[in-house]
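Peer 1: Here the sequence shown stands for residues 11 to 199, numbered as in my numbering. Note that CB positions come from ideal geometry on N, CA and C, so glycine has one too. Remember, predicted model here, so these are calculated numbers, not experimental data.
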Amino acid sequence: MSFPILILASQSPRRTALLKKAGIKFKKIPSRIKETTRFRKPSSIVKDMACRKAMAVAVRHPRSPVLGADTIVYCRGKIIGKPKSRKHALKMLSMQNGAWQTVYSGVSLVWLSRGLCISGCDMAECKARKLAGTCLEQIAVKHLDKAGGYAAQDSGDFFIERIKGRYDTVVGLPMNIVIKFLRKAGIAI
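1) Compare the Cα-Cα distances from arginine 86 to each of Arg193, Cys136 and Ile15 and report the closest residue.
2) So the candidates are Leu122, Arg24 and Val69; which of them puts its Cα closest to the Cα of proline 184?
3) Which runs of the alpha helix (DSSP H) spanning at least 4 residues fall entirely within the stretch 53-110, listed in chain order?
4) Quick check on glycine 143: buried or exposed, where buried means 16 or more other Cβ atoms within 10 Å of its Cβ?
5) Is glycine 116 near alanine 60, with beta carbons less than 8 Å apart?
6) Counting along the chain, where does the beta strand (DSSP E) carrying isoleucine 170 start and finish?
7) Just grab the DSSP bridge partners of valine 117 for me.
8) Would you mind reading off the limits of the alpha helix (DSSP H) that contains lysine 152?
9) Per DSSP, which residues does cysteine 136 bridge with? Please list them.
10) Following the continuous beta strand (DSSP E) through isoleucine 17, name the residue where it begins and the one where it ends.
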């Protein structure tokens with residue numbers, strides 16, 4: 011039995027790279043939803059956003075499995091998403107500078123024709139290096155599309171000193187959850 015191709019409801023190059031590395035065949039259709047939520051708990055926020063992203067694409071492609079994902083950073087009692095500008099990125103990086111933070115990545119698999127909608131979340135802790143303001147400014151201009159304003163996977167980005175937990179969770183797509191969900195849906199990988 012052949013299955014429809016998986017759809018990734020994201021345009022993230024990092025998520026794309028993780029799926030390709032795992033040998034999973036997929037196509038990308040960005041959700042383009044407004045990223046707001048009524049939830050306050052970090053794990054609930056990322057699961058809600060991942061589900062809403064997947065659902066936005068699934069309603070247009072009900073016969074295909076759709077994977078949505080979302081990532082936020084929680085540091086010093088504040089939820090940190092993607093920066094809105096270079097100035098905002100610098101403010102975010104300054105708050106995280108030298109501090110431990112928790113990265114939450116949510117995943118949702120929606121397959122409407124099968125009545126499937128499952129969501130999960132993973133978290134990892136990251137320790138940011140204590141950097142001078144000029145270094146923070148260099149990082150701030152590079153990562154306006156990433157939660158927290160930094161890229162742990164970027165070899166030129168030395169902001170993160172240590173990771174406790176899964177690297178792919180920090181990058182934005184916990185593959186352990188993705189694989190579990192695909193297997194649960196009966197998709198061979």
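Peer 2: Well, looking at it:
1) Cys136
2) Arg24
3) 96-106
4) exposed
5) Contact: yes.
6) 170-174
7) Ala79 and Gly130
8) Here lysine 152 belongs to no alpha helix (DSSP H), and DSSP marks it neither H nor E.
9) Gln111 and Ile173
10) Per DSSP, isoleucine 17 belongs to the beta strand (DSSP E) from 16-18.
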